[in-house]
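My numbering puts the first residue of the sequence shown at 1, with every later residue one more than the last. The next block holds one structure in the form of structure tokens; read it before the comments.
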Amino acid sequence: MQQLKDWLADKNKANPYMIAGGKNAGPSEAQVAAELKRAEVNEAREGRGDFLDGATTATAFVKALLHLEDMKRRIKNEIRGSTTLSAERSVQIEELRVSFFKKLKMIQKQQDVFMPGVETLRVAEEACRDSDRPPTKAEDVKLWLPSDLTEAQRGRASRAALSTVEAKLREAQCGDALSQIRSLLYTKTHLIHHRNANAVGQRASTRSSTLISRVTDQIRREAFKYRQARAALTRLMGPQHRPDLATLEDSDLNVRAEEESDAGARLRLGRRAWQQRVECGREVVPEIAAGLKAYAKAPGGGTQVDSRALCGGVD
Numbered sequence: 001m002q003q004l005k006d007w008l009a010d011k012n013k014a015n016p017y018m019i020a021g022g023k024n025a026g027p028s029e030a031q032v033a034a035e036l037k038r039a040e041v042n043e044a045r046e047g048r049g050d051f052l053d054g055a056t057t058a059t060a061f062v063k064a065l066l067h068l069e070d071m072k073r074r075i076k077n078e079i080r081g082s083t084t085l086s087a088e089r090s091v092q093i094e095e096l097r098v099s100f101f102k103k104l105k106m107i108q109k110q111q112d113v114f115m116p117g118v119e120t121l122r123v124a125e126e127a128c129r130d131s132d133r134p135p136t137k138a139e140d141v142k143l144w145l146p147s148d149l150t151e152a153q154r155g156r157a158s159r160a161a162l163s164t165v166e167a168k169l170r171e172a173q174c175g176d177a178l179s180q181i182r183s184l185l186y187t188k189t190h191l192i193h194h195r196n197a198n199a200v201g202q203r204a205s206t207r208s209s210t211l212i213s214r215v216t217d218q219i220r221r222e223a224f225k226y227r228q229a230r231a232a233l234t235r236l237m238g239p240q241h242r243p244d245l246a247t248l249e250d251s252d253l254n255v256r257a258e259e260e261s262d263a264g265a266r267l268r269l270g271r272r273a274w275q276q277r278v279e280c281g282r283e284v285v286p287e288i289a290a291g292l293k294a295y296a297k298a299p300g301g302g303t304q305v306d307s308r309a310l311c312g313g314v315d
């Protein structure tokens, strides 16, 4: 927050909205996947490596499972906090679920090759499931990634290379999510400052609050992705691996800017307007009221406005 205040006071200082990239940000998930695929191509040239039908690599297989995991997160986010959904939204969610199961069916054929013991585990878990319960929804389906298995199960049911591939991709997922969270937190801070300084009236305040709420939802989604990736990485590599990828608490997602409610803003604005009427000795004209609203919405730490200046120099 101090970095933001310094930049607002002096634009020549480091811009906090510019996110570090390159080596400082770490390789992205796409870059890690490309690097793993290049390594697998080299292994193929030397007659080594695991391939399915001469084409699908271990990296492509794990990436496909992670894509299904992302679809699950998307569905959960769509239905999160909604007790009732519109007919159109319900149809869209059902289409996502249908698409998920179609892709899952294709991936499971590859899984029988790369993880030959998973089918037995899948059948055993299904046999223990209560038959009276409704079918499992797409967002609750277990994908049986290497990180979903115990260490003993991985030794029997999965090829060793898969755990290494998933671990590297999980590390990249964590880095991508943290970078995105940082960017979104800066965006949210800027939106809050802009709202407090410029949003006047119910319509403008509502529009700003809606935009801030959307950014908050994006932050929540990225935080869920980070926590899920970090948990998987811990199961694969142990809790001592990558200690720099710390636990992400809800408090870490809060910005330090003041987020006051519209009711609080109106109450504070009304109090200041009443004080101004007393000091001016007459009813506040629209221009003065606008000035008062702007002042009430200004972020803390600004210069105090002289009431006589707002009154147009009235004695």
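Glycine is no exception: its CB is placed at the ideal position from the N, C-alpha and C atoms.
The C-beta separation of Ile192 from Val255 comes to about 7 angstroms, placing the pair in contact by the 8 angstroms criterion. Proximity of the region 82–95 to the region 116–124 falls short of the contact definition, fewer than three beta-carbon pairs being nearer than 8 angstroms. Excluding residues up to 5 positions away in sequence, Leu233 and Arg242 lie with their Cβ nearer than 7 angstroms to the Cβ of Glu171 in the same chain. Taking a contact to require three or more Cβ pairs closer than 8 angstroms, the region 103–117 and the region 57–68 qualify as touching.
Taking 4 residues as the minimum length, the alpha helix (DSSP H) runs contained wholly in the region 106–163 are 118–127 and 151–157, in order along the chain. In the DSSP assignment, Leu236 falls within the alpha helix (DSSP H) that extends over Gln202 to Met237.
The three-state secondary structure of His67, taken from DSSP, is helix. Separation of Asn77 and Ala160 (C-alpha to C-alpha, rounded to the nearest whole angstrom) is 33 angstroms. Assignment of Asp6 by DSSP, reduced to helix, strand and coil, places it in the helix class.
Straight-line spacing of the CA atoms in Pro135 and Asp6 works out to 56 angstroms. Between Thr164 and the set Met237, Asp252 and Arg227, the nearest pair of CA atoms involves Met237. The C-alpha of Gln202 is placed about 10 angstroms away from the C-alpha of Ser208.
The C-beta of Leu184 has 16 or more other C-beta atoms within 10 Å across all chains shown, which makes the residue buried.
In this structure, DSSP gives Lys103 a helical state, which the three-state scheme calls helix. Exposure of Leu85 is indicated by the presence of fewer than 16 other C-beta atoms within 10 angstroms of its C-beta.
If you compare the alpha carbons of Lys13, Pro27 and Ala204 with that of Ser179, the shortest gap goes to Pro27. Residue environment analysis places Val32 among the buried positions, since at least 16 neighbouring C-beta atoms fall within 10 angstroms of its C-beta. Annotated three-state conformation of Ala246 is coil, per DSSP. Taking a contact as a CB-CB distance under 8 angstroms, the pair Lys72 and Ala177 does not count as one, their CB atoms being some 16 angstroms apart. Just measuring C-alpha positions, the residue of Thr56, Val141, Ala204 and Gly155 sitting nearest Lys109 is Thr56.
It is roughly 6 angstroms from the alpha-carbon of Val215 to the alpha-carbon of Lys188. The beta carbon of Glu69 lies closer than 7 angstroms to those of Leu143 in the same chain, with the five residues before and after it left out. Between Ala229 and Cys174, the CB-CB gap stays under 7 angstroms.
Spanning the alpha carbons of Glu35 and His67 requires a straight line of approximately 18 angstroms. Between the alpha carbons of Ala39 and Ala58 lies a gap of roughly 11 angstroms.
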